[in-house]
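What follows is a short report on a single structure.
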Amino acid sequence: ARELLGRLERASVSGGGGGGSSRTARSAASSRTKEPPFATGASTGKAFHELYVLGKNLGEGAFSAVKEGTHKPSNQSFAIKIVTKSKLSKEDTAALKDEINLLRELGTHDHIIRLYDVFDESQYYYLVTERMMGGELFDRIVAKAYYNEKEARDACRILF
1 ARELLGRLER ASVSGGGGGG SSRTARSAAS SRTKEPPFAT GASTGKAFHE LYVLGKNLGE
61 GAFSAVKEGT HKPSNQSFAI KIVTKSKLSK EDTAALKDEI NLLRELGTHD HIIRLYDVFD
121 ESQYYYLVTE RMMGGELFDR IVAKAYYNEK EARDACRILF
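What the sequence shown shows, in UniProt numbering, is residues 1 to 160, in sequence order.
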């Protein structure tokens, strides 16, 4: 379970930091559509910086940073995970591709962050994700020393 939570945490804008959106998870889920609200990056053949402006740092990890990003045409806010290619081993690259595939598969789940686009550029991978408030899920789970049966059941129901 800890490994799965770690994968979900990393998949949800990690690189170490929490993203942010003023929407709650429940309202975010109810307002989602199955397709992104606009065609972006890889699907249009445009470079990342043609479509997005980076803002403040939301978090950092060993291989990546997460920054606030704004989609230029729509002025919509996202969390952008920026992965430095030169820091990745072959295994790390494979794990990143697994993360991307996992997010694509589970992207319509109400409680998993939405991946809108991926850019594979010369020095970096850019993952454009939904921006959520509240910090890292894993940190919130381990911060509470004890869960009664109902709390544990409710948390697992959300995840699975």
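Note that beta-carbon positions come from the ideal geometry of N, C-alpha and C, so glycine has one too. Bear in mind the structure is a predicted one, so any value in this text is a computation, not a measurement.
To the nearest angstrom, how far is the alpha carbon of Gly107 from that of Leu115?
Position 107 of the sequence shown, counting from 1, holds the residue named residue 107. Position 115 of the sequence shown, counting from 1, holds the residue named residue 115. Their backbone Cα atoms lie some 6 Å apart in a straight line.
Going by other Cβ atoms of all chains shown within 10 Å of its Cβ, with 16 needed for buried, is Glu35 buried or exposed?
Taking the sequence shown and counting its residues from 1, the one referred to as residue 35 is at position 35. Because Glu35 sits at a pLDDT of 43, beneath the cut-off of 50, its placement in the model cannot be relied upon, and the following sentence gives the value as read from the coordinates. Exposed.
Mind reading off the beta-carbon distance from Leu88 to Phe63? Whole number of angstroms is fine, and I expect it under 8 Å.
As a working note, residue 88 is residue 88 in the sequence shown. As a working note, residue 63 is residue 63 in the sequence shown. Going by Cβ atoms, the distance from Leu88 to Phe63 rounds to 6 Å, so yes, they are a contact pair.
Assigned exposure category for Ser31 - 16 Cβ within 10 Å defines buried
One-based indexing of the sequence shown puts residue 31 at position 31. Reliability fails at Ser31, whose pLDDT of 45 lies under 50, so the model's placement of it is uncertain and the value that follows must be treated cautiously. So Ser31 counts as exposed.
How is Asp110 classed by DSSP in three states: helix, strand or coil?
As a working note, residue 110 is residue 110 in the sequence shown. Here Asp110 sits in coil by DSSP.
Just verifying my parser: in three-state terms, what is the DSSP assignment at Glu68?
Locating residue 68 in the sequence shown gives position 68, counting from the first residue. Of the three classes helix, strand and coil, the one that applies to Glu68 here is strand, per DSSP.
Looking at the structure shown, is Leu127 part of a helix, part of a strand, or coil, going by DSSP?
For the purposes of this step, residue 127 is taken as residue 127 along the sequence shown, with counting starting at 1. Correct three-state label for Leu127: strand.
Cross-strand partners of Ser77 (DSSP beta bridge):
Translated into the one-based positions of the sequence shown, residue 77 becomes position 77. Note: Ser77 sits in a beta bridge opposite Thr70.
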